[in-house]
Amino acid sequence: MPDPVVSNAGMHRRGRSLDVLAQMDVAGAHIFVADLFHEKREVNSFRRDRVYWIDLCLTPRRPNATASFVAEWGRNRSAELGSLIAFPPRKSLELISAGGGRHVSIICQMQADLVDRWLPEPFEWTDRRLEATLDIASDTIRPLMLRLNHELRDPGAGSEELCRAIVQQIAIELARYLANANAPDERGGLASWRLRRIDERIADPHQPFPTVTELAGICRLSPRQLSRAFRISKGSSVSDHLAQRRIEKAKRRLYSDESLDAIAAELGFASQSTFTTAFRRATGTTPDQFRRQTSAGSGAKTKPNSAKAS
């Protein structure tokens, strides 16, 4: 049976709603922008057998959103969801969020073969590779997903052809990312306790945003050692990782009435203009535009097409 495809009719269940703001179908993929609202804490099961579910959250994810690969990890272990995820086909997950809220995502349901054809043989879903799908630390896939979001929300001449090409590029980049996501001890990456300390320090709401030098000290490494090992473990530089996390924190702060100057200062930006430039580079929109969109709701153009990924 084909995997279910979300339509522009939206979905409304008790305590949960989903509205499709824009969508497009291209060869091998169904792409859509989803506005989701949940009233309370939830525990959901998720599985797709024929597609990779690639999701870039354009707003902050709900509080303490985590996932567990049930068959491989059991229910006593889970990992926090990053802003960019790629749930693999034929894997059962348990998804948990600590509270309700609203978020907007650009989602690409991509036929598994588009990615699998580029994976090395033999390919094994190791523990590290499974964990890597829950927080895609790729500085190539993220801007491609942002471009899909732009083309769906504001389509122009050749949008369908451009999106088809972007989907093919995402498939190749995701396969490369998964192939390189080896266990830390295989290639000299960071031990799990160091990765955990980095995540805990970044998430600490009572301290200024950390620097690479501070994180290196926490891990008892030099900045150069940390940078090399972090790239091996996560597939991106530690500075890029910090930049992404800082933007995620900024998104959360933009839901408040704080001034842009105050948010910029709190997150360690030199000025409001520096903050605006970094935010626009990461999200494709300015902090002011993001704040207006999330407070007033988003309208978007929808481009219907024919075949859906199955």
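Numbered per this note's numbering, the sequence shown finishes at 301, counting up by one with no gaps.
A virtual CB, placed ideally from N, CA and C, is assigned to each residue, including glycine.
- Residue 76 holds the alpha-carbon nearest to the alpha-carbon of residue 99 among 76, 107, 85, 114.
- Counting along the chain, the unbroken beta strand (DSSP E) around residue 98 starts and ends at 92 to 102.
- Of the residues 166, 19, 86, 273, the one whose Cα lies closest to the Cα of residue 120 is 166.
- Annotation: the stretch 105 to 137 contains the following complete segments of the alpha helix (DSSP H) (minimum length 4 residues), in chain order: 118 to 123.
- Under the criterion of beta carbons closer than 8 Å, residue 194 and residue 101 do not qualify as touching, at roughly 30 Å.
- Per DSSP, residue 55 lies in no beta strand (DSSP E) and is assigned neither H nor E.
- In the three-state reduction of the DSSP assignment, residue 260 falls in the coil class.
- The Cβ neighbour count for residue 198, taken over all protein chains shown within 10 Å, is under 16; the residue is labelled exposed.
- In this structure, residue 237 places its C-beta atom within 7 Å of the C-beta atom of residue 258.
- The alpha-carbon of residue 71 is positioned some 25 Å away from that of residue 255.
- Using a Cβ distance threshold of 7 Å, residue 116 and residue 78 do not count as a contacting pair.
- Take residue 277, set aside five residues on each side of it, and the residues of its chain with a beta-carbon closer than 8 Å to its own are 267, 270, 271, in chain order.
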